[in-house]
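**Student:** Residue numbers (the numbering used here): 1318 to 1576. In this text, a Cβ means the ideal position worked out from N, Cα and C, and glycines have one as well.
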Amino acid sequence: MRKLNALYFSATSTTRKCVTTVASAINLPLASSINIADRNHIPLPDYSKDEAVIVAVPVYGGRIPSLAVDKLTQVKGNGAKAIAMVVYGNRDYDDALLELTDILKAQDFHIIAAAAFIGQHSIFPKVGTSRPDNSDMKKLSYFGKICSQLLDMEIPGSLKIKGNRPYKKYGGVPVHPEGSREKCITCGTCVELCPVAAINSEEPWKTNADTCISCGRCISVCRQGARNYKGIKYNLIGTVFTAAFTKRKEPDIIYPSKI
Ligand SMILES: Cc1cc2nc3c(=O)[nH]c(=O)nc-3n(C[C@H](O)[C@H](O)[C@H](O)COP(=O)(O)O)c2cc1C
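1) Beta carbon of Q1437: closer than 7 Å to some heavy atom of ligand 1?
2) Write down the C-beta distance between C1335 and F1441 rounded to the nearest angstrom, noting that I regard them as a contact closer than 8 Å.
3) Any contact of the stretch 1458–1478 with the stretch 1415–1433, i.e. 3+ C-beta pairs under 8 Å?
4) For D1363, which beta-bridge partners are listed by DSSP?
5) State the beta-bridge partners of H1358 as determined by DSSP.
6) Rounded to the nearest angstrom, what separates N1517 and T1506 at their Cα positions?
7) For the alpha helix (DSSP H) containing Y1459, list its first residue and its last residue.
8) I'd like to know whether the C-beta atoms of L1417 and V1403 end up nearer to each other than 8 Å.
9) Please list the segments of the alpha helix (DSSP H) lying wholly inside the stretch 1519–1570, counting only runs of 4 or more residues, in order along the chain.
10) Determine, using beta carbons only, whether G1292 and D1412 come nearer to each other than 8 Å.
11) For S1349, list the residues DSSP reports as bridge partners.
12) Classify E1416 as helix, strand or coil using the three-state DSSP reduction.
13) Count the other C-beta atoms from every protein chain shown that fall within 10 angstroms of the C-beta of P1494, then say buried if there are 16 or more, exposed otherwise.
14) Can you look up P1340 in the DSSP assignment and give me helix, strand or coil?
15) Can you tell me where the beta strand (DSSP E) holding E1471 begins and where it ends?
16) Please give me, in chain order, every unbroken run of the alpha helix (DSSP H) with length at least 4 that falls completely inside the stretch 1475–1522.
17) Quick one: Cα of N1552 to Cα of D1450, how far?
18) Report, in whole angstroms, the separation of the C-beta atoms of I1530 and V1513, which I expect to be a contact under 8 Å.
19) Taking the alpha-carbon positions, what's the A1515 to S1574 distance?
20) Could you check whether the Cβ of P1360 sits closer than 7 Å to any heavy atom belonging to ligand 1?
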């Protein structure tokens, strides 16, 4: 194994943090790192048999973001080894890891390990608050160390991933971030970084609700704090959601069944 790569979707940087932590525990230099949430990311490479790729996505409605599916189904693994990871906001990851591993197999990756980690919920930040925390960071590093060893081994056996086929139907999210006309300085950062171009450069305090995927990137990149979720609907859903999903979940780590 000569090269390590990272290929991930991260709108509010939680998935990126998990990927970076795993990558730094692997005994290989990081040759490429692509965030497919960036509209202007570098072209997706074709990988080769002597490469390893950490592929990570956040969980959206128990699935993986459709934008990530569009990109991942264009990638050629050519027998590269993959570490499959999903990051979810302490509710559940449902069929997301199964969906990710199915895609990677179809794209000719050889998956050596898989994991579901927990990050702060990007819509309801009172759920999974400040995660990954110290305990998660230790588990991420440990996972990376084990993966580092697995990359040097010929591993028989399969991974038992939870989930069902057909996958859960993605229902969408009925709330979208909005901008404050008073706070917005029209700097264009959110316009540029929105993965689906749902913010207009003329009136960046508005959001195109038909296009918006509620990923929260506009909120996290706004230095003026001018964008956020608000309104009665958001507050009501948030209260119920927070009450239902505050109980701490722990990461699931899956290695091939024969080790
Ligand atoms: C549209 C949307 C749907 C989500 N659905 C789920 C879900 O089904 N289960 C869950 O536990 N977290 C869910 N989350 C929370 C994210 O998976 C979590 O916050 C993740 O860490 C975000 O990753 P990022 O910071 O890399 O963008 C959802 C977040 C968004 C934006």
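**Tutor:** In brief:
1) yes
2) Wrong, their Cβ atoms sit about 19 Å apart, outside the cutoff.
3) yes
4) K1393
5) In the DSSP output, where bridge partners are listed per residue, H1358 has none listed.
6) 11 Å
7) N1451 to L1467
8) yes
9) 1534–1538 and 1549–1562
10) Coverage of the chain is limited to positions 1318 through 1576, which leaves residue 1292 absent and any answer about it impossible.
11) N1322
12) helix
13) buried
14) Looking at the sequence shown, residue 1340 is not Pro but Ala. A1340: helix per DSSP, three-state reduction.
15) Careful: E1471 lies outside any beta strand (DSSP E) and carries neither H nor E.
16) 1506–1510
17) 26 Å
18) 6 Å
19) 43 Å
20) no
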